[in-house]
Every structure is written in structure tokens, then in C-alpha cells.
Amino acid sequence: MQTCALIVLSTLLMVYCDTLQERHDTDYGKSSLVFVFDVTGSMYNDLEQLREGAEMIMDTALESETNVISNFVFVPFHDPKVGPATVTRSKEVFKATLDGVSVRGGGDCPERSLTGIQLALNVSLPRSYIYVLTDATAADHAIVSDVLDQIQRKQSQVVFLLTGHCNDTDKPSYKVYQQVAGASSGQIFNLNKTNVHKMLEFVKSSVTGRLVNLGTVVNPAGTHYTQPIPVDSTLGEVTVSVSGSKPRIKVVDPSGEHIKGPPKLITTLDLSEIMVVKVLQPEPGNWTITVGSEDDYSVRVVGLSDLTFQHGFSKHKPKSMVETSYRPLQANQQDRLTFTVTAAAGRDAPVRVQRTWYLKRDRIPCPCMSEQDSLQRVRGGSAHNYMMIKLTKVNRSVKLKFAEILTIKGKSLFELLLSEIDSRNGIYLTDAFIPPDNFFYIAINGHDENNQELRRIGATAVEAKLPSVPYLTVQKQIAGRLHERVTLRCIVESLVPVSAQWTMGTKRLQSPSYSVQSSVTEYVIEDLTEDQTGSYRCIAQNIAGFSKAFTAVSLIVDPPIVTMEPNNMILFSGENLNIVCTVYSEAQLYSFYFKFAGVHMNKVLDATLQAVSDGYYYFNKTIQVNEKNNGFYSCHAANKAGENYKKISVTVLSRPVAQIHSDSLNVKSNGNITLLCHTENAENLQWVAPNNTVVLNLKTTGSDTYDSVLNVRNASDTDDGEWKCIARKRSLKVSSTVTVVVTIKPVVTAEGLRSYTLYYGTHHTLKCMVKAKPAPKVVWTHMEDTLEGIGVLDKVDSHHYVSSKLIPNVTESVEGKHKCLATNTDGSNEEIFFIKVVKNMTVLQAPKSDDKIETVQEFTCLMYGIPKVNEGRFIMFNKMYGSKNTNEKFIKNIKGFDSTHILPCWESLKQKILRTIYVNSMWLNATEPNCIQFSAENNGWLIFDGSLKPTWFLGNATPLEVENIILGDSQDNSADNEEDSDVCSDEVDSSDDSESSLEYDYE
């Protein structure tokens, strides 16, 4: 019987551990929000308030950035029935569960509330928040030790919301609530039934983030309790809750200021027996709270932070948390060890089994220990324990100094120094110590990066226990693929030496492994085959007894994996669809087929599957699609594990059509162009001009056909060319073109003069410029009706031409009007030329002396009052520059001589007159083909380097008498100083009049 009970207990624990292991990856670090609800008839009003507040609480949990709540749990209970439990992540499912609850029965007050809490602990995640709503005490208070044990293992908090207690506050049925709340950092809140909805606001605050325990105390009535609360930099807010008659709370900040209200302090709940205040964004420092009540009361201080700790105990110095247990080994001064194990013989009937071991030297209770080890390590006198602390969030700026052991009411018992053994993972270790016999809390103390005091208290109380059977955690099911490496892992938790091994059936797979405390035993299947599937068992034994846990290993054979290419396709009618199916199956294929499901037909198509390699198959098919191929194509494959398929959607679209109803169009320049394009099955239509500019863009979606008219006004050269109508549908486009020819009526202009005087016997070419499109026909006529033939037509560019007419031998017959006539389909135009023919001229020599020249001389002499020009020139020169003293140097008097102050000599004047006659002759004959009537060389001009230069004078430039004087003087005074010659030279260079300068040079 004892063995059966232990097996049942181990099995129950194994099921729980398996469930926990399966959820570990996705739910690690998260919690459950649990409601354990009394469904007796007196709880109707409470249920209605829970229904109303549940949505608010779940919305807060789901919308919280910290996302600490993984699922919601509802456990109904009354007497005798408990459950079933609802575990869900869905708000809708949870609400439906509450709506489906019907309250009935009751009358016998105590209910099976602890069994409900026990079920909640089994199905919820570790570190969960459990709220018990009842108006009755616990009929099953005898199982409180099992509940407390589960609370320690799961580290969950239990809060009681009581709307009644059967007036049994002095009985064990009520006191167990105090035990459970005290051991789980919970509280008992006594409420009026009308205030349940207010307490749900308090519940909501517990799901907004991860709460850490900063202080838990229980005080007698009337005590004004003051407690320091160190607030470190990781705390976001602090909540203080007091449960007692007429509670009071006073909060003082680090500067000593009493905080009485907003914005720093908010009172979230203030009832006759409950008060809750919240300090928002408290600045780091040492705060204090002072609380009191007219009745016994409990105080709990929590903060929002992601920094807390895990703990573990070990008889031997551990290297990691794996080697620890959640509770320490209890000291016992007797050599007789008695263990009580509770197991479920049936669903609702727990069986308590007592086993006794006598530690004598001739009886070794555990095969994993020697006789000496058994006595040394198990006898009560040596029940020292190491405690390991691991920070839940590694923060290198946080340093721990010591741990503190507190009573369940929050009083300090003793301190333990903490040594950091793994800074990377935030792990600390104490020296060995003897734990208290009763429940106790663990507090850690240290400082943060700002050297501010940091303090955390464990989530639940801890109770030392005598050795118990090994606690085993294994994965319930392991599925592996063929030839994979599979590892079976068994976590063995024991405070005393233990042995463990894996077996399969009656076969031992390995030798037992021995350890002095908690450990992990593994068995590796290197190459998984079908023969190695089945049930494996982990067995462990210590001084307290024997445990086993089972893992089922199975071979994964999935249905075939089917892939299909391409993905969903949209094609145009006439395109090819190439379908490729690949199949992978670990087992032999039973069947394969290729199927089409369309609007008008549904059938299996021909398909031949080809083997590519071990387990891989291939199928390929090409289909030219049309509108009938709209639908779904699928590949189906089946093996012993089942059938699988893959399908793709194929949409076949009609191809767009674009059609302009004419291929070409002629339009006159400045006329209007009208184009019509008919489209079908198009989503978009565009008109594109010859220069590739989009001139019109239309959406035609929703119309099977569409006709677009494009009007172009005042057509010009830029509109000439190919116009496009483009119809688009998705990625496909089609186009139709029309060639527009903008015609130009000929415009004829003369190149050069329109009137010419030609010399007899010469040749000449007449040219006319023609702008026209299409190319013109050009004819030349003489004297209106005389057709002289088609002229030579040279193309300059696309619509500019030059026509030439050659007159090879000019005679009187070519005189008159010549016409250049250009004609094309758009009309005609002409240009007129006029020709006059003259005979060649005879170049005349201008008379050297005639009456006209003499007349000019006479006019000049009369103007100056002199007989002749040369004589007057001498008289004026002598008057201005002559010497009065015969001995005076004549050359000095003519310094600065300017010839413009005297008359020109007759020869110079005669050349000027001849040049004037020459120029006037050209003006008189300017309209003639040859306007030059005289020879330039005989009429005042010289030809010098191919250019005409004026002939200023012929002969001597000065009077002979003056010249003789200058020459004589020069001979007599050949030694004149350089200053005289330089002055003459300077005067010559300074002259601005070219004619005078030349005359001066000659002088």
C-alpha cells in the first residue's frame, strides 16, 4: 500500500512536471492570473461583479507592455465538487466560462477551498497570482501542508477576497487561510459583497508588471508600525496594502516630507477593512511607512521591478542552481526519521502514508551512501544547509552584501553574508547554516549603481523539511526523427545523497549515477530507430524512498511534405503555365495525384511522379492556358502518417486589345487631327505623341470595351509622325499606331536678290528656297507662259528644298521675268525674278587736265585770294615759317610745322579731285551690274599689296625754294645736334591726320 501511494504521488508530480516542461519555452518568466471561485448559491452577487470586472482585468493584462501574464485560469469549487479548471489565453473563452457558471446549493458553509487552490497550483505557471473568492471557510483544512508545499515549489501568491467566513475565525478552517496567505506573501481581505468590484481594481494592478516583494509583516491590533522601505533605481512604483479594521497608512519620502496625496501618492482603495495606496515614480532613497489598525492586521509592500531573485538549498556546496532544492533540510536531534507522504489513491481521497527509517550502523538505508556517510549526513545534528541566490536579471551595477532570514511576520532572525561566485549570471552563495524549524522568509540586501540600499524579499515563505523521496522532472513525450540523436534528461531533486538511472521495461540502460544532492541524469540515443521507441523510465532512490518518472519516445513520421511552384499565378490567355511539384516522404508513398478544380470542371489530371533521391520525388507539367484554366491546381501525396497537399491559384486574364481604325492620316498644317482607338480588356489607356510624350492617360477598369477619341488642334510639324494608342492590363501592354502626315502648302522664297543686271555673254544661276510637305514639284518659267522645264531640286531637311536654274550664256533673250513655281498635293506657290542684260563696259581713263579740274583750282584760289594754288601755298608757308634774319637757322623756325595750316599743293589737290570723281562714278552706276566706270590707278589710287591706297601727290611735296634752303642748311650744318632732328620726328609722329602726315614726311 505504501509503495502504491508513493508511485501514485510520483506519477502526479511527474504529470505536473511534464506539463510545466512543455510550456517552458513559451511561458518562461511569465505567470498565470488565477481565480478560485466558490460557486455556491450565496456567491451570486460576487459572480456578477467578477463577470463585470474580468474583462477590465484581462484587457489590462493583455495590453501591458511587460506582458507578465501568459494565461488565465478559472477554478470553480464547492463541497464536494472541485473543478474542472479552465486554462486559456483567450479573453473570449474566459468570459464564456464565467457566463457558463451557475451558482447553486450551499448551506453547509465550509467548502473545499484548499482543494480548489491545490488544483489551481497544479495547472498554473510558477510565480502566479491566485485570487480566492469565497464567503466560506475551508472544509478541507487538513491538506494545508500539501498546499503550502506546492506554494513553496511554485512560488505563487494566494490572496483571499472573503465576503464571509462562517463566523469560524478561531477555527482551523479559517486559520489555514492565514497560513496560506502568510506563506505566499498574500493577504486576507474581508469585504462586503457590494465591494467586490472595488477589490478587482486592486487585482488589476497586479497584472500591469512584475511585482517584487519589499516587505511583509503581521502586527497585533493598535500597533503603529514604522518600517523603512529602501527604494532603488530599478523600482518604478511602490504599493502599500493594509488589511485590518480601520487601517491607516502614512508615507514619508527620503527628505522627511509626509506625502499626503497626488500627484505622488494615490489611494486606490479605502474601505473599512482595506486600504491600498500607491507611490508613483518614487525617487531613490530611504522611504518610511507607518501603518496601524484597530484589529490584527497584515501589511504588504510591493514594487514594480524586474529585479528579484531565486533561491535554492543544498547540504553540500553547490556549483549551480541545478544542484539545489527549493527548501532546506530540517534539523532533527533524533536518530529516528519519520516521513509522512500524501498521495492520491483516488481522485478525491488522499491517503497519508507514514514511513520510518532507523539509522543504525548495521542498516545502511540508501545504497548510494556508505555507512559513515549515512550517519554523518542524515543525523539531525549535522543538518547544515548552503543557500544559493540567483538574481533574475543580471545587473552588474547591483551588488549583494548579505541575506536575511525573517520570521513569517517579517521579524529578522539572523543575517548571512553573500559571496559572489558567478558575476556573469548574478549568483551568490552563503556559508552553511541551520535553518529555522518554522516557515521563514528570505531577504536579500545590497546596493545599486548609485550606492542606494537595495532590498528584496522572497515571493513565498520557506519551510525546512526532513528528507523526502527524490523529486523527478522529465519530459513526458519526446519525438525524434529517424537516425536523430535524442537525449533523455531527468532532473533529480534531493537534499540527501541519491542514485538515479534510466531503464526501459525490465532492462537497465545504464549504471546508476550517484550524487550527494540534486543532479541531472541523462541517457543518449545516438541513432534513433523504430526499435528504440517506447516508454522509458527514470528511477531515483534516496534515504526517504523511491521515485520514478516516465518519458515516451516516439518516431516522427510526418505526412509527405509537398511543395509546389510557382506560387499563385496571374497569366494572360495563351501564356504557358509550368507547374512543378516536389514531394518528400520519410515513409513509402501510398498515392500521388494532380488535380484541377475550376469553375466549369473538377478533375484529376495525368501525373507521373519521378523518384529523385531517397524520399524525394518530382513532377513537372506545362499547360498553355486560356480562360477555361481559371481555378486551383493541387498536388496530393499520402503515406502511412496521412495525406498532405499543396495548391496554387491560377487566374487567366483575357489579353488587352488596342485598335486604331486607320493606318495613316494626312492633315494640313494648322488643321485638326481626330484619332479613334478601340480597346478591350484594358485597365489603362494611353495616347503617345510622335515625340514619345504621353498626351492622354485614362483608367478604363470596369469596362470590357472602351473607345477613346483624341483631338489635336492646330497641327504643326511636331505632330507629324507615328501616334500610338497603348492598352495596358497589369504587366501586359499592346499598342496600335497610326502615321499622321502634316502636309505643308509650298512656300517659295528667293535665295539672294530678286532682280539682277547681267552682262552679255556671262552665266548666272537663279535659286529659290521651297518649304513644303510632301516634296514639291518645281518648274521654272520665263515670261509667264514659256515653260523652261523642271528645275534641279536639292533636299535640305525633311521639308526644306532648294531649286536652281542655270543661265549658261546671257543674251538679250533672257531678259524679263523668271518664275520658280512649286506644287504639291496641298497647293502651289511661286517666286518671281527679274533680269536685265547689258553689254560689257569700256573702262575710261579720267582726263588729267580738263575744264572741271581747272574750275576747282580757280574756285580754291578765289577762296584764298591767290593766283595759283602752289603760289598761295608758298606765300602762306613763308609767312608762317619764314626767317627774317639771314643768319638764322631756318630749320629751327619750322619746328612744329603742320601742313594742315597751309594749302595743299596742286598735285595733291588734283589726286583728291580724281578720287572724288572715281567714287561719284560708282554711286551713279550703283544699280548696274558693273558700277566701276574708271580705272582706279589713274584716278587717285595706288594698288599696294592687292589693296587700294590713296595717291596723295605726284612729284615734290614742298616748294623748290624751301627744299633748296633745307638742303643747303643741312649741308652747312651737318653737325646739328640731335635735339633738332628729334623735335621734327616727334612732330611727325604726333600728327593725327594721315594725309598731312604723309605730306609732312615727304617734306
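Mapping of the sequence shown onto mature numbering (1 follows the signal peptide of the UniProt record, and there is no 0): residues -17 to -1, 1 to 986, in sequence order.
Cβ coordinates follow ideal geometry from the N, Cα and C atoms, glycine included.
Figure out for me which residue from 34, 267, 804, 297 has the closest Cα to the Cα of residue 432.
Working through the sequence shown from its first residue, we reach residue 432 at position 449. Of 34, 267, 804, 297, the residue nearest in Cα terms is 267.
Tell me, please, whether the CB atom of residue 137 is closer than 8 Å to any CB atom in chain D?
Protein chain content of the structure displayed is limited to a single chain, and chain D is not contained in it.
Does the structure place the segment 491 to 511 close enough to the segment 549 to 559 that three or more beta carbon pairs sit under 8 Å?
No contact exists between the segment 549 to 559 and the segment 491 to 511.
Please report the distance separating the alpha-carbon of residue 65 from that of residue 119.
Residue 65 sits at position 82 when you count from the first residue of the sequence shown. Residue 119 sits at position 136 when you count from the first residue of the sequence shown. Rounded to the nearest angstrom, the two C-alpha atoms are 15 Å apart.
Tell me the rounded alpha-carbon separation between residue 298 and residue 70.
Within the sequence shown, the letter at position 315 stands for residue 298. Within the sequence shown, the letter at position 87 stands for residue 70. The alpha-carbon atoms of residue 298 and residue 70 are separated by roughly 37 Å.
Using three-state DSSP, classify residue 407 as helix, strand or coil.
Against the sequence shown, residue 407 aligns to sequence position 424. Here residue 407 sits in coil by DSSP.
Determine the direct distance from the alpha carbon of residue 56 to that of residue 77, and round the result to whole angstroms.
Residue mapping note: residue 77 aligns to position 94 of the sequence shown, counting from 1. Residue mapping note: residue 56 aligns to position 73 of the sequence shown, counting from 1. Whole-angstrom Cα-Cα distance: 8 Å.
Quick one: Cα of residue 653 to Cα of residue 917, how far?
Start at 1 with the first residue of the sequence shown, and residue 653 comes out as number 670. Start at 1 with the first residue of the sequence shown, and residue 917 comes out as number 934. Distance between the alpha carbons of residue 653 and residue 917: 56 Å.
Relative to the C-alpha of residue 72, which residue among 393, 209, 87, 51 is closest?
Position 89 of the sequence shown, counted from the start, is the residue given in the question as residue 72. Closest by alpha carbon: 51.
So, does the segment 415 to 430 touch the segment 374 to 388, judging by three or more C-beta pairs under 8 Å?
At 8 Å Cβ cutoff, the stretches touch.
Specify, as a first and last residue, the run of the beta strand (DSSP E) that residue 370 falls within.
The residue labelled residue 370 in the question sits at position 387 within the sequence shown. 369 to 374 is the span of the beta strand (DSSP E), which, as asked, contains residue 370.
Is it buried or exposed for residue 79, if we count other Cβ within 10 angstroms and need 16 for buried?
For the purposes of this step, residue 79 is taken as the residue at position 96 of the sequence shown. Classification for residue 79: exposed.
Would you say residue 133 and residue 112 are within 8 Å of each other, going by their C-beta atoms?
What you label residue 133 is simply residue 150 of the sequence shown in a count that begins at 1. What you label residue 112 is simply residue 129 of the sequence shown in a count that begins at 1. No, these two residues do not count as a Cβ contact at 8 Å.
Beta carbon of residue 183, beta carbon of residue 221: below 8 Å?
Looking up residue 183 in the sequence shown gives position 200. Looking up residue 221 in the sequence shown gives position 238. Not a contact, by the Cβ cut-off of 8 Å.
Check whether the Cβ atoms of residue 729 and residue 762 lie closer than 8 Å to each other.
One-based indexing of the sequence shown puts residue 729 at position 746. One-based indexing of the sequence shown puts residue 762 at position 779. Their beta carbons are not under 8 Å apart, which means residue 729 does not touch residue 762 by this criterion.
Quick one: any contact between the segment 475 to 482 and the segment 506 to 518, if contact means 3 or more CB pairs under 8 Å?
No: the two stretches stay apart, fewer than three of their Cβ pairs being nearer than 8 Å.
Return the chain-ordered list of same chain residues with a C-beta closer than 8 Å to the C-beta of residue 593, the five sequence neighbours on each side being excluded.
Walking along the sequence shown from the start, residue 593 turns up at place 610. Counting only Cβ-Cβ distances below 8 Å, and skipping sequence neighbours, we find 600, 601, 602.
Is it true that the segment 451 to 463 meets the segment 531 to 547, where meeting means three or more beta-carbon pairs spaced less than 8 Å apart?
Yes: the two stretches touch, three or more of their Cβ pairs being nearer than 8 Å.
Could you have a look at residue 485 and say whether DSSP puts it in helix, strand or coil?
Position 502 of the sequence shown, counting from 1, holds the residue named residue 485. Note: residue 485 maps to strand in three-state DSSP.
Which residues bound the alpha helix (DSSP H) around residue 859?
For the purposes of this step, residue 859 is identified with residue 876 of the sequence shown, where counting begins at 1. It spans 852 to 864 - the alpha helix (DSSP H) in which residue 859 sits, taken as one unbroken run.
Give the DSSP bridge partners of residue 607, in chain order.
Within the sequence shown, residue 607 is the residue found at index 624, counting from 1. Bridge partners of residue 607: 559.
Given a cut-off of 8 Å on the beta-carbon distance, is the pair residue 635 and residue 613 in contact?
For this step, residue 635 is matched to residue 652 along the sequence shown. For this step, residue 613 is matched to residue 630 along the sequence shown. Yes.
Does the structure place the segment 277 to 285 close enough to the segment 217 to 234 that three or more beta carbon pairs sit under 8 Å?
These segments touch.
Measure the alpha-carbon distance for residue 884 versus residue 845 and round it to whole angstroms.
Stepping through the sequence shown from its first residue, residue 884 is reached at position 901. Stepping through the sequence shown from its first residue, residue 845 is reached at position 862. Their Cα atoms are separated by approximately 18 Å.
Figure out for me which residue from 378, 470, 416 has the closest Cα to the Cα of residue 406.
Looking up residue 406 in the sequence shown gives position 423. Measuring from the Cα of residue 406, the nearest candidate turns out to be 378.
Should residue 999 be labelled buried (16 or more other beta-carbon atoms within 10 Å of its own) or exposed?
There is no way to answer for residue 999, as the model of the chain reaches only from -17 to 986.
One question on the structure: do residue 855 and residue 886 come within less than 8 Å of each other, judged by their Cβ atoms?
Here residue 855 corresponds to residue number 872 of the sequence shown, with the count starting at 1. Here residue 886 corresponds to residue number 903 of the sequence shown, with the count starting at 1. Closer than 8 Å, so yes.
Please go through the same chain and pick out, in chain order, the residues whose beta-carbon is closer than 6 Å to the beta-carbon of residue 507, but skip the five residues on each side of it.
As a position in the sequence shown, residue 507 is number 524, starting the count at 1. Excluding sequence neighbours, residue 507 sits near 470.
Using DSSP with H/G/I as helix, E/B as strand and the rest coil, what is residue 1030?
Missing from the structure shown is residue 1030; the chain here goes from -17 to 986 and no further.
Beta carbon of residue 53, beta carbon of residue 15: below 8 Å?
Position 70 of the sequence shown, counted from the start, is the residue given in the question as residue 53. Position 32 of the sequence shown, counted from the start, is the residue given in the question as residue 15. Cβ atoms of residue 53 and residue 15: closer than 8 Å.
Give the secondary structure of residue 549 by DSSP, where H, G and I count as helix, E and B as strand, and everything else as coil.
By one-based count along the sequence shown, residue 549 stands at place 566. In the structure shown, residue 549 sits in coil (DSSP, three-state: anything other than H, G, I, E or B).
Rounded to the nearest angstrom, what separates residue 722 and residue 650 at their Cα positions?
In the sequence shown, counting from the first residue as 1, residue 722 sits at position 739. In the sequence shown, counting from the first residue as 1, residue 650 sits at position 667. Rounded to whole angstroms, residue 722 to residue 650 spans 11 Å at the Cα level.
Residue 314 and residue 417 look like a contact to me (Cβ under 8 Å); what is the Cβ gap, rounded to whole Å?
The count along the sequence shown starts at 1 and reaches residue 314 at position 331. The count along the sequence shown starts at 1 and reaches residue 417 at position 434. Right, the Cβ-Cβ distance comes to about 5 Å (below 8 Å), so this counts as a contact.
Between the Cα of residue 789 and the Cα atoms of 746, 542, 800, which residue gives the shortest distance?
Within the sequence shown, residue 789 is the residue found at index 806, counting from 1. Closest by alpha carbon: 746.
How would you label residue 491, buried or exposed, when you count the other beta carbons within 10 angstroms and need 16 or more for buried?
By one-based count along the sequence shown, residue 491 stands at place 508. Exposed.
Report the CB separation of residue 163 from residue 190 in whole angstroms; it is logged as a contact under 8 Å.
Position 180 of the sequence shown, counting from 1, holds the residue named residue 163. Position 207 of the sequence shown, counting from 1, holds the residue named residue 190. Not confirmed; about 21 Å, so no contact.
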